[in-house]
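Below is one structure, written out as structure tokens; the observations come after it.
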Amino acid sequence: MAGTAVDVSGVSKTFRIYHDRNQSLKATVLKGGRAKYEEFKALDDVTFEVPEGGTFGLLGRNGSGKSTLLKCIAGILSPNTGTITTRGRIAAMLEVGSGFHPELTGRENVYLNGSILGMSKQQIDNRFDSIVDFSGIEKFIDQPVKNYSSGMYVRLGFAVSIHTEPDVLLVDEVLAVGDMDFQAKCRAKFADFKASGRTVVVVSHGLEGMREFCDRAAWLEQGVLQEVGPATAIIDKYRDSGNVTEIIEGGGQRHGSGELYIDTIELVGESGAVDNEIRTGESPTIRLNFEARRPVERPNFKIAIETLEGVRIWSTSCKQLGWQPDSVQVGQGSMDFHLDRLALAPGEYVVNAEVWRDESTTPVDSLTGSFRFGVHAGTPFALEGVLAMDARIVAKLPGQ
623 MAGTAVDVSG VSKTFRIYHD RNQSLKATVL KGGRAKYEEF KALDDVTFEV PEGGTFGLLG
683 RNGSGKSTLL KCIAGILSPN TGTITTRGRI AAMLEVGSGF HPELTGRENV YLNGSILGMS
743 KQQIDNRFDS IVDFSGIEKF IDQPVKNYSS GMYVRLGFAV SIHTEPDVLL VDEVLAVGDM
803 DFQAKCRAKF ADFKASGRTV VVVSHGLEGM REFCDRAAWL EQGVLQEVGP ATAIIDKYRD
863 SGNVTEIIEG GGQRHGSGEL YIDTIELVGE SGAVDNEIRT GESPTIRLNF EARRPVERPN
923 FKIAIETLEG VRIWSTSCKQ LGWQPDSVQV GQGSMDFHLD RLALAPGEYV VNAEVWRDES
983 TTPVDSLTGS FRFGVHAGTP FALEGVLAMD ARIVAKLPGQ
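For the sequence shown, this note's numbering gives the first residue as 623, with consecutive numbering after it.
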């Protein structure tokens, strides 16, 4: 029978938020040296157990206390009340750049961070190639990490952490960075941890990813534990609770009340084939595949095409096009938007999609930044700008 890897018992954590930080010395003296502050309770009497040999997820909106709790488990913060008991060696990947020196190269930081996490030089030597291969930044390993992107920071830091072979690994949003290949490596490593009886505690807004690899989960709301149980059940209850923001694999965000869920966005070419590439002037279809968990009255589906910089080029909706379903019942369906002629110049673009109820101030679902498509020139002539508009020439030339 599996034991307990982490035991959180009655944990509360309070921070002081000070006001008038920039007041003068005179003002401070006149107030008797007492600074005004208010107390913020990040965690409030949280109790649960994390079983050994599995992956445990922490769910909650931003500011719910997930990261604070992870830091308490790691020993970075101390709770004001309550106790946390851990079994075995702990490694934590909590913040971008933690344990790294910006002026040192990636190679030098592997040795620095590895030694901080308790590895000997010989152990780092033996695992160095595997660490670099896992991170996927071989070409940049001898560059100063101050030139790294935040994603490269996290990937290298996570690679070092998992190669310390901890009994408990604490991870904060590592699946929000990196490409699909890196995310697949993370999942495979989580599976290896589980097979060897080790434990992963992970914070993520990627609910579908957590559904896939988490066995159990805890849901926090404003520092208060709402529920603990099987991951699938907790994720469903959390998503059904209201306006939840979720990180989508490969980039993008989702939020909404959750009665209807846009599963995928597809670009269908004139031939009927699904593709992410199209030519200027073709007439494609943008398809929203969705699943309704509960009936939705008068849903208004919307789409928008934007540049990668977030400049909106065009948008439309069911209501704008003169048709809106009276209701959508529980089940799966799709909504097709047929474009008579794609007047976009060559480049890469983003499709965002939303579903709203009439008179609602919160979307049923909003999916942004998750679907990209490319446009290629429909003529041998180069086009500049964003739109490929039809035009004709009428000229009056001198002498004619």
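Note that CB positions come from ideal geometry on N, CA and C, so glycine has one too.
Whole runs of the beta strand (DSSP E) within the stretch 909 to 987, excluding any shorter than 3 residues: The qualifying runs are 921 to 929, 934 to 939, 953 to 960, 969 to 979.
Assign His827 to buried or exposed, taking buried as 16 or more other Cβ atoms, counted over all protein chains shown, within 10 Å of its Cβ. Around the Cβ of His827, a 10 Å sphere holds 16 or more other Cβ atoms; the residue is buried.
Taking Met774 as part of the alpha helix (DSSP H), name the residues at either end of that continuous run. Counting along the chain, Met774 sits inside the alpha helix (DSSP H) bounded by residues 772 to 784.
Where Val754 and Val790 are concerned, what is the direct C-alpha to C-alpha distance, given to the nearest angstrom? If I take the Cα positions, the gap works out to 22 Å.
Report yes if the CB atom of Ser590 is closer than 8 Å to the CB atom of His877, and no otherwise. This structure cannot speak to residue 590, because the chain is shown only from 623 to 1022.
Specify the secondary structure class of Leu792 as computed by DSSP and reduced to three states. In this structure, Leu792 counts as strand in the three-state DSSP scheme.
For Val681, which residues does DSSP report across the bridge? Residue identity differs from the one stated: residue 681 is Leu in this sequence, not Val. Per DSSP, Trp841.
Answer with buried or exposed for Ala1004, where buried requires no fewer than 16 other C-beta atoms within 10 angstroms of its C-beta. The predicted model places Ala1004 with a pLDDT of 49, which falls under 50 and marks its position as unreliable; any figure quoted below should be read in that light. Taking all protein chains in view, the Cβ of Ala1004 is surrounded by fewer than 16 other Cβ atoms within 10 Å, so the residue is classified as exposed.
Residues near Phe804 in its chain [Cβ-Cβ closer than 7 Å; skip 5 each side]: Only residues of its own chain outside the window of five on either side were considered, and among them Gly758, Arg777 have a CB closer than 7 Å to the CB of Phe804, listed in chain order.
Alpha helix (DSSP H) runs contained entirely in the stretch 693 to 764, provided each spans 4 or more residues: Those alpha helix (DSSP H) runs which fall completely within the stretch 693 to 764 and span 4+ residues are 728 to 738, 743 to 757.
Tell me which residues share the same chain as Glu970 and place their Cβ nearer than 7 Å to its Cβ, disregarding the 5 neighbours each side in the sequence. Taken in chain order, the residues that qualify are Leu930, Arg994, Gly996.
Could you tell me the distance, in whole angstroms, from the CA atom of Thr938 to the CA atom of Val986? For Thr938 and Val986, the distance between alpha carbons rounds to 17 Å.
Short Cβ contact (8 Å threshold) for Ile695 with Thr708: Contact flag set, yes.
Using the rule of at least 16 other Cβ atoms within 10 Å of the residue's Cβ for burial, across every protein chain shown, is Leu943 buried or exposed? Exposed is the call here.
Using a Cβ-Cβ cutoff of less than 6 Å, which residues in the same chain neighbour Arg729 once the five nearest sequence positions on both sides are dropped? Counting only Cβ-Cβ distances below 6 Å, and skipping sequence neighbours, we find Ile763, Asp764.
Arg838 classed as buried or exposed, judged by whether at least 16 other C-beta atoms fall within 10 angstroms: Classification for Arg838: buried.
Could you give the first and the last residue of the continuous beta strand (DSSP E) run that contains Arg901? Taken as a continuous stretch (DSSP letters only), the beta strand (DSSP E) holding Arg901 covers 899 to 901.
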